[in-house]
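Reading through the structure tokens given below for one structure.
Protein chains: 2
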Amino acid sequence: MYAVIMAGGRGTRFWPRSREKKPKHLLDITGKKTIIQETVDRIKPIINPDNILIVTGKKHSGILIKQLPEIPLQNIIIEPEGKNTAACIGLAALHIQKRISDEIMVVLPSDHAITDSHEFNAVIEAAAKAAEQKEGLITIGIKPSSVNTGFGYIEQAEPFLKINGKDVFRVKSIREKPDFQQAQAFVQNGNFFWNSGMFIWRISTILKQINCHIPDLYAGLMKINEALGSPDENAIVPRVYKKLKSISIDYGVMEKANNVFMLKGDFGWSDVGSWDTLWEISPKDGQGNVLTEGSNVIFEDTEGSFVYSPKKLVATVGIKDLIIVETKDALLICKKGSSQDVKKIVEALEEKKLKKYL
Amino acid sequence: MYAVIMAGGRGTRFWPRSREKKPKHLLDITGKKTIIQETVDRIKPIINPDNILIVTGKKHSGILIKQLPEIPLQNIIIEPEGKNTAACIGLAALHIQKRISDEIMVVLPSDHAITDSHEFNAVIEAAAKAAEQKEGLITIGIKPSSVNTGFGYIEQAEPFLKINGKDVFRVKSIREKPDFQQAQAFVQNGNFFWNSGMFIWRISTILKQINCHIPDLYAGLMKINEALGSPDENAIVPRVYKKLKSISIDYGVMEKANNVFMLKGDFGWSDVGSWDTLWEISPKDGQGNVLTEGSNVIFEDTEGSFVYSPKKLVATVGIKDLIIVETKDALLICKKGSSQDVKKIVEALEEKKLKKYL
């Protein structure tokens, strides 16, 4: 079994901590280790680091290699350009196929948090067994805890298999990023689960599905496949990859495929999508304040707030529901509930060409 | 005519900018110059710097001398210990008396802001003329713009003199720091004015009044008077001064004296008593935000806030009515309306013995 960790995201919503040079998954936002280190540590009990591939951009590969010394260098797959998840998954599939022909592939985002690693691995192992038994695309669905339009939704159908005590459900439909009304209906319905972006399948299955639903992308991948390992690899792969269709695996394949299955992931999952989410999943004091480790704070009449300030003393007076993030060169003060708009700050910085803050 | 500027305050409510080593009056909080520089500049058109005395503590005298090069060194009067305004005014009165016997003395706080300097000087000149004509204690009353329990109130009686077109009123009573209900009644009444802490009187008049109402303080001042200019000055003055009664001139003299007069000060006065007050008196953008000069800010959906950040980029998202003050080693985030409680932060720092932040 191979794991493919997709580490191509930028995570602008974690500005001012996340920067172009150090995106979210390379930061210790959820604990003492970085998110990608936690992602690798989590899967290690069931997948050997020799079988863990990381797909990332060139500019982050240096830090990534330093953060993950147990991952063999040849397992760091450089994406010549960000081309969304379908191309990324296709590229990783080819690399694994080259090494070992067909195999089970576990696709994991690099920047999520999971509290119950043991249960997580039990679900992944059950999913892997299901993928061995049945040619299908297996997803992990998360029971929605809110109406969220940022996620895709998986519509569960009847159970189909039971493996290690875990139900494998057929999937009726996958609906990417609904509007608010749709999302509300999904959550009320009870049969819809958040698409966690984790997938388990055979290499042969996903390549076949890409061929079927995104044939032009598949054609490009086949050119890359020919070049892999050849003397022209470094010339051909980037040239072809940059022309690949940029589409997510969800829109490109999952929404259209008819052999999609789902296991429920009840292991304390969070996409850690924003400072708000980070506040939600972090331990709080009696007033609902989150104080990140090492931060030096004096709270006076302060509730429901989040403070990250590893260097500077922060004093708060009479405040409620604020996110305060103090870094070496920039300070963010954001009302809780507005942290999706932190990306607007990044956009403003881009517009003003204030590159040193990006 | 002599001016005495009282520069003994600490201004803890302007933490983290005000520190033990650099209190409020030594900071450029209201403009490009420091508040005490603005105070000296304001009075200079009518009182020569040779006649401006500054009373301050030893530890601030160095910075003060640097900030006020036009003030002769012998005009910097070192208070051996903070002993409130009655002792401070008494000490300054003795110094002036030593130089020139009786004279008009204008007492000014070092840390207030005034927008109309011309009118201010016109009022001071009229008050000085009144003090020449009549043995009395002359105050400057400010028309209340809010119910404020932090000020003393002057109850105006009938006009008594008219000088340069300005009425000099008799004063019926002086009420220091009322409770909220009293303050509300005062403001509604219309005859009560804020005590601005500025006084104009003859040296002989105030010393006589101190003798009458605070005789033990007067006795101490007389011992100091004997020592001034003698070889024992440096030994005796500190020893005696430290034992002086610590009382404000308002409680000690003004509330009790029956020869108090008042001129109205309609010159855009503010005591700049807190970050809230500073927001109130500062120019604002269309969203009511105050951005101090040189601060580097990106506002996203931000209203009614105050930002001081000369070094670091500050980005705000979805916030309202916040005071944000970023200094080299400390950051304050305070809800507008709560800035009186900034002194609680200073108390907490004292309790925790975090001296480097004091």
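Chains as they are written, first to last, in our numbering: chain A, 1 to 358; chain B, 359 to 716. Glycine residues also receive a C-beta, built at the ideal position from the N, C-alpha and C atoms.
- 7 Å or more divides the Cβ of A/Val290 from the Cβ of A/Val297.
- With a threshold of 7 Å between beta carbons, A/Ser338 makes contact with chain B.
- Listed by position along chain A, the residues whose Cβ is nearer than 8 Å to that of B/Ser667 are Leu331.
- In the DSSP annotation of this structure, B/Asp590 is not part of any beta strand (DSSP E), being labelled neither H nor E.
- The bridge partners DSSP lists for B/Pro517 are B/Phe527.
- In chain order, His112, Ala113, Thr277 and Ile281 place their CB closer than 7 Å to the CB of A/Ser270, counting only its own chain and leaving out the 5 sequence neighbours on each side.
- Look at A/Glu300: its C-beta is under 7 Å from a C-beta on chain B.
- Residue pairing by DSSP places A/Thr316 opposite A/Phe299 and B/Ile691 in a beta bridge.
- Neighbourhood of B/Asp699 in chain A, by CB distance below 8 Å: Glu300, Asp301, Val317 and Gly318, in chain order.
- Restricting attention to beta strand (DSSP E) runs no shorter than 3 residues, the region 167-221 of chain A encloses them at 192-202, ordered along the chain.
- The way I'd put it, the region 481-496 of chain B doesn't touch the region 582-596 of chain B; fewer than three beta-carbon pairs between them come closer than 8 Å.
- Straight-line spacing of the CA atoms in B/Leu384 and B/His418 works out to 9 Å.
- As a beta-bridge residue in DSSP terms, A/Ile78 pairs with A/Thr56.
- A/Ile36 sits close to A/Ser110, with the two beta carbons spaced by under 7 Å.
- Taking CB atoms only, A/Leu278 has no neighbour in chain B less than 7 Å away.
- Judged by beta-carbon spacing, A/Val342 lies within the 7 Å limit of A/Trp15, meaning their Cβ atoms are closer than that value.
- A distance below 7 Å between beta-carbons, with the five flanking residues on each side excluded, links B/Phe509 to the following residues of its chain, in chain order: Trp552 and Asn553.
- The beta-bridge partner set that DSSP reports for A/Leu263 consists of A/Ile140.
- Pairing A/Ser339 with A/Ile319 gives a Cβ-Cβ distance that is not under 7 Å.
- The region 526-538 of chain B makes contact with the region 493-510 of chain B: 3 or more CB pairs, one atom from each, lie closer than 8 Å.
- Bridge partners of A/Arg19 according to DSSP: A/Lys22.
- Residue state for A/Pro49 is assigned as helix, using DSSP reduced to three classes.
- At least one CB atom of chain A sits nearer than 7 Å to the CB of B/Val672.
- Taken through DSSP and simplified to helix, strand or coil, B/Met612 comes out as helix.
- In the assembly as shown, B/Ile458 is an exposed residue. Its beta-carbon has fewer than 16 other beta-carbons within 10 Å.
- Not a single CB atom of chain A sits nearer than 7 Å to the CB of B/Lys382.
- The beta carbon of B/Lys642 sits closer than 6 Å to the beta carbons of Val648 from its chain, once the five residues preceding and following it are set aside; these are given in chain order.
- Between A/Ala93 and A/Ile224, the C-beta gap is not smaller than 7 Å, which leaves the two residues out of contact.
- In the DSSP assignment, B/Phe509 falls outside any beta strand (DSSP E), carrying neither H nor E.
- By the rule that beta-carbons nearer than 7 Å mark a contact, B/Ile532 does not touch chain A.
- Among the residues facing chain B, A/Glu326 is included, as its CB has a counterpart in that chain under 7 Å away.
- A Cβ-Cβ separation of about 6 Å places B/Val630 in contact with B/Thr388 under the 8 Å criterion.
- Between A/Lys21 and chain B, the shortest Cβ-Cβ separation is not below 7 Å.
- Within chain A, no residue has its CB atom less than 7 Å from the CB of B/Ile387, the nearest being about 18 Å off.
- Around the beta-carbon of A/Lys312, 16 or more other beta-carbon atoms lie within 10 Å, marking it buried.
- When secondary structure is reduced to three states using DSSP, A/Val325 falls in the strand class.
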